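Here's the structure, in structure tokens; my notes come after.
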Amino acid sequence: MAGPVSFFFEVLFSGLLAGVMYSLVALGFVLIYKASGVFNFAQGAMVFFAALTFVSLVERGVNFWLAMAITLAVMILLGILTERVVLRPLINQPPITLFMATIGLTFFLEGLSQGIWGAQPHGLDIGIRDEPMEWLADRTGMFLSQFDLFASGIAAVLVTVLALFFQRTRIGRALRAVADDHQAALAVGIPLKHIWAIVWAVAGFVALVAGLLWGARTGVQYALTFVALKALPVLILGGFESIAGAIVGGLIIGASEKLAEVYLGPYVGGGIESWFPYVLALAFLLFRPEGLFGEKHIDRV
Amino acid sequence: MSAVITPQPAVQAYLTVNNVEVIYDHVILVLKGVSLQVQKGQIVALLGANGAGKTTTLKAISNLLRAERGEVTKGSIEFDGRRVDQLTPNELVRLGVCQVMEGRHCFQHLTVEENLLTGAFTRSVGRAELRRDLELVYEYFPRLKERRGSLAGYTSGGEQQMTAIGRALMAHPKMILLDEPSMGLAPQLVEEIFGIVKSLNEKEGVSILLAEQNTNIALRFADYGYILENGRVVMDGAAASLAQNEDVKEFYLGLSAGGRKSFRDTKFYRRRKRWLS
Chain A
459 MAGPVSFFFE
469 VLFSGLLAGV
479 MYSLVALGFV
489 LIYKASGVFN
499 FAQGAMVFFA
509 ALTFVSLVER
519 GVNFWLAMAI
529 TLAVMILLGI
539 LTERVVLRPL
549 INQPPITLFM
559 ATIGLTFFLE
569 GLSQGIWGAQ
579 PHGLDIGIRD
589 EPMEWLADRT
599 GMFLSQFDLF
609 ASGIAAVLVT
619 VLALFFQRTR
629 IGRALRAVAD
639 DHQAALAVGI
649 PLKHIWAIVW
659 AVAGFVALVA
669 GLLWGARTGV
679 QYALTFVALK
689 ALPVLILGGF
699 ESIAGAIVGG
709 LIIGASEKLA
719 EVYLGPYVGG
729 GIESWFPYVL
739 ALAFLLFRPE
749 GLFGEKHIDR
759 V
Chain B
269 MSAVITPQPA
279 VQAYLTVNNV
289 EVIYDHVILV
299 LKGVSLQVQK
309 GQIVALLGAN
319 GAGKTTTLKA
329 ISNLLRAERG
339 EVTKGSIEFD
349 GRRVDQLTPN
359 ELVRLGVCQV
369 MEGRHCFQHL
379 TVEENLLTGA
389 FTRSVGRAEL
399 RRDLELVYEY
409 FPRLKERRGS
419 LAGYTSGGEQ
429 QMTAIGRALM
439 AHPKMILLDE
449 PSMGLAPQLV
459 EEIFGIVKSL
469 NEKEGVSILL
479 AEQNTNIALR
489 FADYGYILEN
499 GRVVMDGAAA
509 SLAQNEDVKE
519 FYLGLSAGGR
529 KSFRDTKFYR
539 RRKRWLS
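Which chain is which? The protein sequence lines are A and B, in order.
Residues are numbered in our numbering as their position in the first sequence, beginning at 1, plus a constant of 458.
Residues are numbered in our numbering as their position in the second sequence, beginning at 1, plus a constant of 268.
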């Protein structure tokens, strides 16, 4: 059964599954961008912070689920504090100011987490091993990691929940309203402060999930903050405002970088994987700057 | 002469704006002591040219100024016998004071119906009641029912204005601060919207403070009017008498008054107005 075709599918699927991991990080960006129009540079640092906090708690003998709960509480608190200390004083400032503030937040978080927990890398075991599934390999000849499948499952659940939250609930609707027009949202009585605190808390939760999965895969170390950079082309492809976009963008980036590595790599000496997504993103910026699912800017004339 | 400042009535007005001064960015003085009153169930028009301070007055009441670096530095605002100048917009909406902002400000990427639903944000009510409220809004604005599923950003200016008013209605307001509903709309549509506002006022008992540049139509639908110039109230009176006033006719309604042709008379008018304020 193993042949060039099944090899192609193996590459494709493992790429798609790796892409889901990018999507997880991209989701955090989308949430905050949707609700406040801020590109949160600190999302990577939040992922790192969450993972490091969790792993350090576990290493100190805290029960897995308890550690998860504590970390979640910390992330929610962080979200509320960010609104209080960083965003509230900057209300009605141009987006670039807020963006700069999130860069500041990045350095703060990186320093804080390493200051508290130390800078040495940690291994993280969440009980799912990163190895091919034998039954799948036996039947189809494809070697796919069960960890990847697990991660996609988590991502699928997360996305469904978030999509329902945004589309169907009162708070979700308010979040989208705030993203569209701060002033009008205030005028209908939506308290911006609470909304932002909520959205940062949710983004903190997403960062925790991404942090656990990425941490389990690559180990918890400073380099984890750089996964945010991989989320960037995902966002450009999918559109900054769209949860669906973050997923599809992640899948496309994941699949295309793996396929490019395998099929184009040999001709240019390999290493394509690390830069191919950015080339793709560049092409999108030229031809479809709002991304696949991004909101078109509605202009009335 | 109808242009006299009415003395404080014995009965407490529904909304009382008392000598309010607003400063933007700590330096720009926009309102220089505006006082006005709205009685329960009234439509009161706030008239004046661009930059006279109409919008600022409304935003001072709804407390949306702070988001624009504006600040009420003097005076007081009372609604229903209670000081409201320190309340957040959220608390004000809960009290029943809702602003429909100039330029509609619909949520462009939400559907018309979702826009309406955001209006009910402050009321924690069940689905059935929301449904009923939506139907009420659709009764007043049948056009919105047809467009309920479209993104608000893709609807016409008139439909957006209706959406904005409908959205405010969803909050069960006691008073709507309606800013420039006629802006950029065809005369016929303006007529239609004012008609609906009037029937909202009569049937739902919503008091309305209306800022308008279109003096003509505003005075036709309002009970009482205030004219603002340079951040001051320069004239006020019952709508009907304002509409008959020679100065108002000449400067705001574009009807030339018989006797006054020369520029000197104009200056006289300006001077006189200053006295009145």
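Note that the Cβ used here is the ideal one computed from N, Cα and C, for glycine as well.
Note that the coordinates shown come from a computational prediction; the quantities given were computed from them, not determined experimentally.
- [ ] Could you tell me whether the Cβ atoms of A:V657 and A:L693 are closer together than 7 Å?
- [x] Taking C-beta atoms as the reference points, A:V657 and A:L693 fail to come closer than 7 Å.
Open item on the list: So that I know if they touch, is there some Cβ in chain A lying closer than 7 Å to that of B:E397?
Closed with: Contact with chain A is absent for B:E397, since none of that chain's Cβ atoms lies less than 7 Å from the residue's Cβ.
Open item on the list: Going by DSSP in three states, B:S418 sits in which element: helix, strand or coil?
Closed with: coil
Open item on the list: If we define contact as Cβ-Cβ less than 7 Å, is A:D596 a contact residue for chain B?
Closed with: no
- [ ] Report the option in B:A439, B:V298, B:N513, B:N484 whose CA atom is closest to the CA atom of B:E459.
- [x] Taking only the C-alpha atoms, the option nearest B:E459 is B:N484.
Task: B:V548 to B:V298 span [Cα, whole Å] - done: Here chain B has residues from 269 to 545 only, and residue 548 of chain B is not among them.
Open item on the list: Output needed for A:F734: all residues of its chain with C-beta closer than 7 Å, excluding positions within five of it in sequence on either side, in chain order.
Closed with: S714, E715, A718
Task: Identified DSSP bridge partners for B:N260 - done: Residue 260 of chain B falls outside the range modelled here, since chain B spans only 269 to 545, and no answer is possible.
- [ ] Report yes if the C-beta of B:T325 is less than 6 Å from at least one heavy atom of the ligand FMN; otherwise report no.
- [x] Only the bare structure without any ligand can be found here, which leaves the ligand FMN out of the picture.
TODO: Select from the region 352 to 379 of chain B all residues with a C-beta closer than 9 Å to any C-beta belonging to chain A, and list them in chain order.
DONE: T356, P357, N358, E359, L360, V361, R362, C366, Q367, V368, M369, R372, H373, C374, F375, Q376, H377, L378
Open item on the list: Considering only their Cβ atoms, is the gap separating A:F601 from A:E468 smaller than 7 Å?
Closed with: yes
- [ ] Would you mind giving the Cβ-Cβ distance between B:L437 and B:G387, rounded to the nearest angstrom? I have them listed as a contact below 8 Å.
- [x] Between the beta-carbon of B:L437 and that of B:G387 there is about 7 Å, and that keeps the pair under the 8 Å contact cut.
- [ ] Go ahead and label A:R675 buried or exposed: buried means 16 or more other beta carbons lie within 10 angstroms of its beta carbon, across all protein chains shown.
- [x] So A:R675 ends up on the buried side.
- [ ] For the alpha helix (DSSP H) holding B:Q258, just list the boundary residues, first then last.
- [x] It is not possible to answer for residue 258 of chain B, since the shown part of chain B is limited to 269 through 545.
TODO: Quick one: give me the first and last residue of the alpha helix (DSSP H) that A:V617 is part of.
DONE: 604 to 626
Task: Neighbour list for B:G387 in chain A, Cβ cutoff strictly below 8 Å - done: V646
Task: Nearest-angstrom Cα separation, counted from B:V302 out to B:G463 - done: 28 Å
TODO: Would you check if there are 3 or more beta carbon pairs closer than 8 Å linking the region 475 to 494 of chain A to the region 590 to 607 of chain A?
DONE: yes
Open item on the list: For chain B, check one thing: does any of its Cβ atoms lie closer than 7 Å to the Cβ of A:P649?
Closed with: yes
- [ ] Identify every run of the alpha helix (DSSP H) within the region 481 to 555 of chain A, keeping only runs that are complete inside it and at least 4 residues long; order them along the chain.
- [x] 501 to 517, 522 to 539
Open item on the list: Mapping the DSSP letters down to three states, classify B:Q367 as helix, strand or coil.
Closed with: strand
- [ ] Please name the residue, chosen from A:A668, A:T598, A:D638, A:A702, that lies closest to A:S494 on a Cα-to-Cα basis.
- [x] The shortest Cα separation from A:S494 among A:A668, A:T598, A:D638, A:A702 belongs to A:D638.
- [ ] For B:Q310, count neighbouring C-beta atoms within 10 Å of its own C-beta (all shown protein chains included) and say buried if the count is 16 or more, exposed if not.
- [x] Around the CB of B:Q310, 16 or more other CB atoms lie within 10 Å, so the residue is classed as buried.
Task: Unbroken stretches of the beta strand (DSSP E), 3 residues or longer, contained in the region 493 to 525 of chain B - done: Complete beta strand (DSSP E) runs here, min 3: 500 to 506.
- [ ] Inspect the beta-carbon positions of A:F702 and A:L485 and report whether they are closer than 7 Å.
- [x] First, the amino acid is wrong: residue 702 of chain A is Ala here, not Phe. Their beta carbons are not under 7 Å apart, which means A:A702 does not touch A:L485 by this criterion.
- [ ] Using a cut-off of 8 Å between C-beta atoms, extract the partners of B:A317 located in chain A.
- [x] Within chain A, no residue has its beta carbon less than 8 Å from that of B:A317; the closest one is some 23 Å off.
TODO: Could you name the residues that DSSP lists as bridge partners for B:G316?
DONE: Bridge partners of B:G316: B:L496.
Task: Any chain B beta carbon closer than 7 Å to A:N498 - done: no
- [ ] Let me know if A:G585 comes out buried or exposed under the rule of 16 or more other beta-carbons within 10 Å of its beta-carbon.
- [x] exposed
- [ ] Could you tell me whether any Cβ in chain B is nearer than 7 Å to the Cβ of A:R634?
- [x] Chain B has a Cβ within less than 7 Å of the Cβ of A:R634.
Task: Pairwise C-alpha distance: A:T555 and A:L489 - done: Cα to Cα, the separation comes out at about 19 Å.
Task: Cutoff 7 Å; reference A:P547; Cβ partners in own chain excluding five residues on either side - done: In the same chain as A:P547, and ignoring 5 residues on each side of it, no C-beta atom comes closer than 7 Å to its own.
TODO: Examine the Cβ distances between the region 407 to 418 of chain B and the region 670 to 687 of chain A and report whether three or more of them are shorter than 8 Å.
DONE: no
Open item on the list: Helix, strand or coil, according to DSSP, for B:K475 in the structure here?
Closed with: Strictly speaking, residue 475 of chain B in this sequence is Ser, with Lys absent from that position. Reduced to three states, the DSSP call for B:S475 is strand.
- [ ] Go to B:M430, then tell me how far its alpha helix (DSSP H) extends in each direction, as first and last residue.
- [x] 425 to 437
Task: Whole-angstrom distance between B:V368 and B:V361, CA atom to CA atom - done: Looking at the backbone, the Cα of B:V361 and that of B:V368 are separated by about 11 Å.
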